[in-house]
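First the structure, in the form of structure tokens, and then the observations on it.
Residue numbers (my numbering): 14 to 73.
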């Protein structure tokens, strides 16, 4: 999406008094999956991060 398209979606959402503004329809699917089973979503995100080589900072 272009910045102008995102801005238009945000303005439309604000005018409609929506709390959650999702400028792209596909994001709604991701959000629904995350909300339906957050533990599964977190596990999938950890797997993705691992594949990308992400190393979380060490806790001190």
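C-beta atoms are modelled at their ideal positions from N, C-alpha and C, and glycine is treated no differently.
Quiz item: For residue 14 versus residue 37, is the C-beta spacing smaller than 9 Å?
Solution: Within the chain shown, the letter at position 1 stands for residue 14. Within the chain shown, the letter at position 24 stands for residue 37. A contact, by the Cβ cut-off of 9 Å.
Quiz prompt | residue 41 - containing alpha helix (DSSP H), residue span | solution = By one-based count along the chain shown, residue 41 stands at place 28. Unbroken alpha helix (DSSP H) run through residue 41: 38-49.
Quiz prompt | Contacts around residue 19, its chain only, beta-carbon distance under 8 Å, and the 5 residues preceding and following it disregarded | solution = If you number the chain shown from 1, residue 19 lands on position 6. Closer than 8 Å at the Cβ level, and outside the excluded window around residue 19, lie 36.
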